[in-house]
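Protein chains: 2
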Amino acid sequence: LDILNPIYWKNNSLHIIDQTLLPSRLETISLSSVREVWTAIQRLQVRGAPAIGIAAGYGVVLSSLMHKNQPVITFKEKIVEDIDYLRTARPTAVNLFQVLDQFDNLITNSDETVPEICLAIEQLALAIHADDKDRCRQIGRHGQEVIPGSATVLTHCNTGALATGGIGTALGIIYTAKEQGKTLQVFVDETRPLLQGSRLTAFELEHAGIPATLISDNMAAMVMATHKIDAILVGADRIAANGDTANKIGTYGLAVLAHHHHIPFYIVAPLTTFDLTLENGQQIPIEQRAAEEVKIISGNYISPENTSVFNPAFDITPHHLITAVITDQGIIFDPDKHKIQDFYSNKYSEPKLKESLQ
Amino acid sequence: LDILNPIYWKNNSLHIIDQTLLPSRLETISLSSVREVWTAIQRLQVRGAPAIGIAAGYGVVLSSLMHKNQPVITFKEKIVEDIDYLRTARPTAVNLFQVLDQFDNLITNSDETVPEICLAIEQLALAIHADDKDRCRQIGRHGQEVIPGSATVLTHCNTGALATGGIGTALGIIYTAKEQGKTLQVFVDETRPLLQGSRLTAFELEHAGIPATLISDNMAAMVMATHKIDAILVGADRIAANGDTANKIGTYGLAVLAHHHHIPFYIVAPLTTFDLTLENGQQIPIEQRAAEEVKIISGNYISPENTSVFNPAFDITPHHLITAVITDQGIIFDPDKHKIQDFYSNKYSEPKLKESLQ
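Going down the list, the sequences are from chains A and B.
Here the working numbering is used: the first residue of the first sequence is 125, the next is one more, and so on.
Here the working numbering is used: the first residue of the second sequence is 125, the next is one more, and so on.
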């Protein structure tokens, strides 16, 4: 399969496909300062919970290069300042904070020299990227358990190569199914307001030769009523300890519709997207974005210019509407606090988990 | 309230606000041939089930003017041909066919002269328009029963002056509530793909000074979960004998979501939108429209150009998800075949209906 490689580190710069230009232009831009990385995350030139974390990691590398001529104490202070700045780029996806915490710990606990810390920071950024790539593959493998040989699935937003460091989460399962020779038909929600489904997912699937049918978000209910949908596969930006999940706006509605139509509804995410410090989804901060994202498309107002807008970027799907969370370490069916904590602390070995749920 | 007057007959031409240009341009165009009326309906320059019927009626007037110099038999044949042509403009809204049937009957059963028939045709077109205007007012009045003094409602597509011959159906209830001094907050689904919510409803409500908040269709579920919504009010393009209702795509999903959140879900339509010849919603033809409506916004592709699209213009909401149908003759709570047939044949007087349902 021809899968995009939208984020890489080269010549001391972070290179990303500018996702705001897709699908009309496939352009890679290079980011060489912390501020540029912050802006790229905030503007959604790079988006998707795992990809945001990876980009932020490379942002810390850029910070270390910027300050490498300072004495070690100042060097550390400056980087921690930049880390705190990067934390403010977006509020919902937990991967951003978990990645930045790793760098914060590395720097705070290090008693090495500036060049040694610089090297360690670059190695950590590359390791986080490689780790996510591997987790995508593991997710793709585990996910096959819920995908029949001939499957019709529905997905929302973009959860593919453009959202991660590898083949993706929900789309990673679809790519893997295709590689295994399964026959797929994919319905793609366009995902208003920023159209990640039509701009990115339809683009990725076409690129990989997988048949996709684009729909407006409000057609999903009719598709569920009139087609046999085997699975709804979506990503996650943060999963609370009880399984409540923040994901792209529209996910919650899909989960309610799936429940009504008796269609399995799967959250697909690496374990790095879990935030066990939060008891439930009500504690996950939801980003509110600019009204213009709803009112302007392709540079033109599609509503009166002064109309009020409610524009939450994410919603919360309660765990009881989630059939299973598909992770890189296996599948958590009927997620709840008990199962997720046991799973996370490895009390269950993977075969035992499956056995206990049958 | 300042309510638009988007359709009127003047100087032997039909004048309509070209709704494809809203909200950026408020322009009235004049239509002076049957083909122009057909095209305006097909292109959605005029839309909304009642307004389509009204426009088609004036189309028949234009046909009669075009053929008035023919002998009476040819005159009648030509008009019936034009009537059959107008029937093909759009398939789902029943008002189009019911209006055209009235003209067909008038012409077929008339033994008058050409000038007399011309006059009768014009009078019928004007009467259909006036009748719809009156029905909108009656709907607005009956609808107050379900709207509290301070209300938050959610609506979909456009059901206002731009969709009817008067103040509208669902929006007519909102306008009437405002006139009665009720405090209103209206959430408006943008209604992809053609954005009748953002382009038309947000425009109408702003024009009338009613506070509106625009949302993407996929935000409706979160709005229902996080706000106290008193009522969801939507229109209808055709209501079958058992209460199953065809309306703008997305309506069915809203009904499922309303059911899940225990929010009353109201279909608002004049009795002219009922089609008692169809037993249920499965028999209502659903218009499939061009893929480009989903793929192109403001002249630009928002998806890969070759992406496949599923673009049904309407969906079917089964009657068991409908709290009530609000009509110009009163409210039918818990609609089913029995209640609608009784209601339609006036077995129930209005007070008796309400009494029997309490």
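Just so you know, even glycine gets a beta-carbon here, dropped at the ideal spot from N, CA and C.
Note that this is a predicted model, so its numbers are computed, not measured.
| Check | Outcome |
| --- | --- |
| Start and end of the alpha helix (DSSP H) containing K419(B)? | E416 to K419 |
| Expressed to the nearest angstrom, what Euclidean distance is found between the alpha-carbon atoms of D235(A) and L402(A)? | 32 Å |
| Any heavy atom of the ligand ADP inside 7 Å of the beta-carbon of G454(B)? | By its list of ligands, the structure shown contains no ligand whatsoever, and the ligand ADP lies outside what it can speak to. |
| Using a Cβ cut-off of 8 Å, pull out every chain B residue sitting near H384(A), in sequence order please. | V380, H383 and H384 |
| In this structure, how does DSSP classify Q412(A) when only helix, strand and coil are distinguished? | strand |
| I'd like to know if G390(B) contacts chain A, where contact means its C-beta is closer than 8 Å to some C-beta of that chain. | The question names Gly, but residue 390(B) is Tyr in the sequence shown. Not one chain A Cβ lies under 8 Å of Y390(B). |
| Counting only beta-carbon separations shorter than 8 Å, does L439(A) have a partner in chain B? | The question names Leu, but residue 439(A) in the sequence shown is Asp. Yes, D439(A) counts as interfacial toward chain B. |
| Output, in chain order, the set of chain A residues within a Cβ distance shorter than 8 Å of R323(B). | I426 and S427 |
| Closer than 8 Å, CB to CB, is G292(A) near chain B or not? | no |
| Assuming L128(B) is part of the alpha helix (DSSP H), what are its boundary residues? | Neither: L128(B) is in no alpha helix (DSSP H) and is coded neither H nor E. |
| Taking the CB atoms as reference points, tell me whether A365(A) and K461(A) lie closer together than 8 Å. | yes |
| Less than 7 Å between C-beta atoms, sequence neighbours within five positions excluded: which residues of the same chain meet that for H351(B)? | T276 |
| Just to confirm the assignment, what range does the alpha helix (DSSP H) spanning V161(B) have? | V158 to Q166 |
| For R323(A), which residues from the same chain have a beta carbon less than 6 Å from its beta carbon, with the 5 sequence-adjacent residues on both sides left out? | L146 and P147 |
| Cβ of P436(A) within 8 Å of Cβ of I387(A)? | no |
| Taking only three categories from DSSP, how would you classify H280(A)? | coil |
| Can you give me the start and stop residues for the beta strand (DSSP E) that F457(A) sits inside? | G454 to F457 |
| Three or more beta-carbon pairs under 8 Å between the stretch 129-142 of chain A and the stretch 310-323 of chain A, yes or no? | no |
| Give the interface partners of D399(B) over in chain A, defined as CB-CB distance under 7 Å, in chain order. | Going along chain A, no residue has its Cβ under 7 Å from D399(B), so there is no contact; the nearest lies around 20 Å. |
| If you drop the 5 nearest sequence neighbours on each side, which residues of the same chain put their C-beta closer than 8 Å to that of G296(B)? | C260, R261, I263, G264, G267, T283, G284, T288, G290 and V392 |
| Could you list the residues in the stretch 314-346 of chain B with a C-beta less than 8 Å from some C-beta on chain A, going in chain order? | E314, T315, R316, P317, L319, S322, R323, A326, F327, E330, P335, A336, T337, L338, I339, S340, D341, N342, M343, A344, A345 and M346 |
| In the DSSP output, what is H384(B) paired with across the bridge? | The partner list for H384(B) (beta bridge, DSSP) is empty, contrary to what the question assumes. |
| For V312(B), does the three-state DSSP call read helix, strand or coil? | strand |
| Buried or exposed for Q143(A), going by 16 or more other Cβ atoms inside 10 Å? | buried |
| Note down, in chain order, every chain B residue with its Cβ under 8 Å from the Cβ of I373(A). | S340, N342, M343 and M346 |
| What number of angstroms, rounded off, separates the C-alpha of N229(B) from the C-alpha of S188(B)? | 15 Å |
| With a threshold of 6 Å on Cβ separation, who are the neighbours of G181(A) within its own chain once the five nearest residues in sequence on each side are excluded? | V223, A249 and I252 |
| With which residues is N371(A) paired in a DSSP beta bridge? | D439(A) |
| Mind listing the chain B neighbours of P430(A)? Cutoff is C-beta to C-beta under 9 Å, in chain order. | According to the sequence provided, residue 430(A) is Asn. The question's Pro does not apply to it. By Cβ distance, chain B contributes E330. |
| H383(A) to L445(A), Cα distance in whole Å? | 7 Å |
| Please classify S427(A) as buried or exposed, where buried requires at least 16 neighbouring CB atoms within 10 angstroms. | buried |
| Given that Y376(A) touches chain B, what residues does it touch there, using C-beta distances under 8 Å? | A345, M346 and A349 |
| Can you tell me whether DSSP reads V170(A) as helix, strand or coil? | coil |
| With a CB to CB cut of under 8 Å and the five nearest residues on each side skipped, what residues in its chain are close to R211(A)? | L220, F221 and L224 |
| Excluding sequence positions up to five away, which residues of its chain have a Cβ less than 6 Å from the Cβ of T431(B)? | none |
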